[in-house]
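Enquirer:
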Amino acid sequence: MSAIAGAADYFGLRYSAPELFVESGYFAAINIQRDLKPCGPYCWNHRPIANNIESMGLCVHWLDSPFDCESSDHRKHVLDQICTLGTDSILCMVGLEFQLLCRRDEQKMTFTMPWGPDVPTCVPELSFPDLIAGKHFPGTAWFTISPTTVSPQSKRLLNALESAVDFHELIEQPKDSEYYFGPNAWKQWVAKLDSGSYDKHGHWWSSMVWGESRRQAGDYFAAQRISGTDLSVTISEQFISVADLVSRAASKEISDAERADSIRQAQEIDAQLSENLESCRNFLNTDKFN
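When the sequence shown is numbered by the working numbering, its final residue is 290 and no position is left out of the sequence of numbers.
1. Does the pairing of the region 45-60 with the region 105-121 give three or more beta-carbon distances under 8 Å?
2. Note down, one range per segment and in chain order, each alpha helix (DSSP H) of at least 4 residues found wholly within the region 137-182.
3. Here's the rule: buried if 16 or more other CB atoms are within 10 angstroms of the residue's CB, otherwise exposed. What is THR140?
4. Between the C-alpha atoms of ARG75 and ILE132, what's the straight-line distance to the nearest angstrom?
5. Counting along the chain, where does the alpha helix (DSSP H) carrying TRP62 start and finish?
6. At a cut of 8 Å, does the region 151-166 reach the region 16-28 through at least three beta carbon pairs?
7. Short of 8 Å in beta carbon distance, which residues of its chain neighbour PHE111, apart from the five on each side in sequence? Order them along the chain.
8. So what's ASP287 in DSSP terms, helix, strand or just coil?
9. Tell me which residues share the same chain as SER236 and place their Cβ nearer than 6 Å to its Cβ, disregarding the 5 neighbours each side in the sequence.
10. Residue range of the beta strand (DSSP E) that GLU125 falls in?
11. Give me the Cα-Cα distance between ARG259 and VAL119, rounded to the nearest whole angstrom.
12. Of the residues PRO147, LEU13, VAL242, which one's Cα is nearest the Cα of GLU212?
13. On the DSSP bridge assignment, give the partners of MET93 in chain order.
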């Protein structure tokens, strides 16, 4: 979301953090890796989010990059695509972080440093020879962000609520997948904490990511008054409760049983939230509203 926020600012679109989190649909996503490894927040289908972001005036387009880290020819193909980009779009590299391109010359690219210069997961710059030689993080992918037409706020919110309902209905687990999305993610999270065998850093990081998105949603719906219903007040309170519980679970001062209990309570509230979000979606979909 910081990369999207940076692109929005670059193109003169003034969105608050709560608006970006909610109207993109990101606020309703949750993805957990099987053993709670820290890759969980990254490895899921972002296409619905990209579709919603387009209604916010930002078109996301992935470069032709099938994550082939063994082929120098393919890496040259990626570089050729990058070098043809004009000033009408901004480039983002996806490695161990999402980093926007600051500038490009004839030899190298320089990137934003979302965590500052002292965090090793961020790449300050990447030379063209190193990119072609594969001397960069494996699995690097690239996408561009370009400006497009902004939809009315009511349409953006409706899109986000549609995504929230869809996310909650994703209960089918892909065969052999090590990731769990939506309601299944909450269940897997609780199960691993109950077992006492899980990636401690991954649990903490998942708590930070998914707790932040819920807190931003709480702030959004606290300010969003939907005429004809008081659902926004209830939704805001529920999101804040979930955020508080997930943040508590991240504490290193409590036991695994207490962590599991916090996530279990958050899961129960999330189930209620999904019903309220669907009701809100249905209300916005009425002819009276439109």
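Backbone N, C-alpha and C define an ideal beta-carbon position, used for all residues, glycine too.
Expert: In brief:
1. They do not touch, by the three-pair rule.
2. With a minimum length of 4 residues, the continuous alpha helix (DSSP H) runs that stay inside the region 137-182 are 153-168.
3. Buried, by the Cβ-count rule.
4. Rounded to whole angstroms, ARG75 to ILE132 spans 5 Å at the Cα level.
5. Segment 58-62 is the beta strand (DSSP E) holding TRP62; no alpha helix (DSSP H) there.
6. Counting Cβ pairs under 8 Å, three or more are found: they touch.
7. For PHE111, the CB contacts under 8 Å within the same chain, skipping 5 residues up- and downstream, are MET93, GLN99, LEU100, LEU101, CYS102, CYS122, VAL123, PRO124, GLU125, LEU126 in chain order.
8. Because the pLDDT of ASP287 is 49, which lies under 50, any placement of that residue in the model is unreliable, and the question is left without a value.
9. The residues are GLY218, PHE221, ALA222.
10. Secondary structure note for GLU125: its beta strand (DSSP E) is the uninterrupted segment 125-127.
11. Cα-Cα distance, rounded: 28 Å.
12. Among PRO147, LEU13, VAL242, the Cα nearest to that of GLU212 is on VAL242.
13. The partner list for MET93 (beta bridge, DSSP) reads GLN99, TRP142.
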